[in-house]
Amino acid sequence: MRTLVIVWAVAAPAAMPVAVNAQDRAPADVQNFCANIVDDARERRYAIQREELETLRADIEAKIVILEERRAAYELWAQKREEFAEAANEGLVAVYANMRPDAAAVRMEELPAELSAALLTKLKPRASAAILNEMSTQDAALITQIMAAVGDVGLPDGDG
Numbered sequence: 664m665r666t667l668v669i670v671w672a673v674a675a676p677a678a679m680p681v682a683v684n685a686q687d688r689a690p691a692d693v694q695n696f697c698a699n700i701v702d703d704a705r706e707r708r709y710a711i712q713r714e715e716l717e718t719l720r721a722d723i724e725a726k727i728v729i730l731e732e733r734r735a736a737y738e739l740w741a742q743k744r745e746e747f748a749e750a751a752n753e754g755l756v757a758v759y760a761n762m763r764p765d766a767a768a769v770r771m772e773e774l775p776a777e778l779s780a781a782l783l784t785k786l787k788p789r790a791s792a793a794i795l796n797e798m799s800t801q802d803a804a805l806i807t808q809i810m811a812a813v814g815d816v817g818l819p820d821g822d823g
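Each number in this note's numbering comes from the position in the sequence shown (counting from 1) with 663 added on.
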């Protein structure tokens, strides 16, 4: 047994420096590994940021398209509104304002509904109501719908 202990005692000091050398090398290996992948990691991080920016750019461009569509719809609505308002000029409005409601109603039923609606919107509310009262139910309903639609922009609801 004594021989065995001596062999072990002789072999033990030689094994210890090897373990210490492995521990000394570990930080150097880690450092080398980190130094070797730093460029790849940086490039990957930049690629991820670039992808995020491209996604944001696409979102912004989509919102710009929606805004341009809405702007075009508003411009079209404004143009139609202006044409509608011009259809009933002041002289014609004065003529219908001085007519009896029953006579004005008969004449307006023969006009295009859009023109009748434009004229009625320029008259005083009491005169418009009296003329609508003298019209047929169907014509009065159509003209009322047109008058109500003039104030409605008619754009789809958006979430923006």
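Glycine included, every Cβ here is placed at the ideal spot set by N, Cα and C. The structure displayed is predicted, hence computed values, not measured ones.
Can you tell me which of 768, 784 and 748 puts its alpha carbon nearest to the alpha carbon of residue 802? Here residue 802 is taken as the residue at index 139 of the sequence shown, counted from 1. Residue 768 is the option with its Cα nearest to residue 802.
Residue 700 burial status per 10 Å Cβ neighbour count (16 or more: buried)
Translated into the one-based positions of the sequence shown, residue 700 becomes position 37. Flag for residue 700 reads exposed.
- Message: Looking at chain B, is there any beta carbon in it that lies within less than 8 Å of the beta carbon of residue 785?
- Response: This model lacks chain B altogether; it includes just one protein chain.
**Asked** alpha helix (DSSP H) containing residue 787: first to last residue?
**Response** For this step, residue 787 is matched to residue 124 along the sequence shown. Unbroken run through residue 787: none, as it is neither H nor E.
Where does the unbroken alpha helix (DSSP H) through residue 771 begin, and where does it stop? Position 108 of the sequence shown, counting from 1, holds the residue named residue 771. Run containing residue 771: 764-773, per the alpha helix (DSSP H) assignment.
task = Could you tell me whether the stretch 772-783 touches the stretch 739-756, where touching means 3 or more Cβ pairs closer than 8 Å?
result = yes
- Rank 793, 813 and 812 by C-alpha distance to the C-alpha of residue 765 and give the top, closest one. For this step, residue 765 is matched to residue 102 along the sequence shown. It is 793.
_Whole-angstrom C-beta distance between residue 747 and residue 773, which should lie under 8 Å_ = For the purposes of this step, residue 773 is taken as residue 110 along the sequence shown, with counting starting at 1. For the purposes of this step, residue 747 is taken as residue 84 along the sequence shown, with counting starting at 1. The pair is not a contact, with the Cβ atoms about 19 Å apart (cut-off 8 Å).
**Prompt:** Can the beta-carbon of residue 786 be found less than 8 Å from the beta-carbon of residue 760?
**Reply:** In the sequence shown, residue 786 corresponds to position 123, counting from 1. In the sequence shown, residue 760 corresponds to position 97, counting from 1. Yes, the Cβ-Cβ distance between residue 786 and residue 760 is below 8 Å.
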